[in-house]
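So for the sequence shown, this note's numbering puts the first residue at 52; every next one is plus one.
Built from N, CA and C at the ideal position, the CB exists for glycine as well.
Here the structure is a predicted model, which means the values were calculated and not measured.
See structure below.
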Amino acid sequence: MARQIFIVDALVVDQNGTCNHIDGYPKPFDSNNYQGDVDKAKRRAEGDMSKAWSDMCKIDTRQIQTVTLTTVNGFQLEKKSMGQFPAEDPEPEPAAAE
52 MARQIFIVDA
62 LVVDQNGTCN
72 HIDGYPKPFD
82 SNNYQGDVDK
92 AKRRAEGDMS
102 KAWSDMCKID
112 TRQIQTVTLT
122 TVNGFQLEKK
132 SMGQFPAEDP
142 EPEPAAAE
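Listed below in C-alpha cells is the structure:
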C-alpha cells in the first residue's frame, strides 16, 4: 500500500475567545514510521484523537473544543467538536431625536 500521513489536530477557543492549538498539536502519524503499515499509522492516529477528545471532555472552561483527523492532503476522516460562541447582546437602539 502507498505511504500515508495522518494528522491529528486539537484546537480550543478559551474563555477570552482566543483560538489556540493544544500543546503538541497538530501531530503527524506517518506510515513510514510503522514499517509502511498504513493501517497501523491510522490506528495510532485514531487512538491519539480519542485521547485528545477524552481530555477535552474533562475541561468545562473553554468556549469551543475541536479535534480532527485528516490525511496529509486535507481529506477529513473524523471530527469531534463541542461548544459554541456565546450569543452576543444586541446593540441598543439609538435614542430617537425629538
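Query - Buried versus exposed, by CB contacts within 10 Å (16 or more), residue 138 - result: By the Cβ neighbour-count rule, residue 138 is exposed, with fewer than 16 other Cβ atoms within 10 Å of its own.
Report task. Under 8 Å by Cβ, that's how I've got residue 81 and residue 72 pegged, so tell me the actual separation to the nearest angstrom. Result -> Incorrect: roughly 19 Å between the Cβ atoms, too far for contact.
Query raised in the report: DSSP beta-bridge partners for residue 107?
Result: According to DSSP, residue 107 bridges with nothing at all.
Report task. Identify the continuous beta strand (DSSP E) that holds residue 119 and give its terminal residues. Result -> Note, residue 119: beta strand (DSSP E), 115-122.
Query raised in the report: From residue 49 to residue 98, what does the alpha carbon distance come to, in whole angstroms?
Result: This structure leaves residue 49 out entirely; the chain is present only between 52 and 149.
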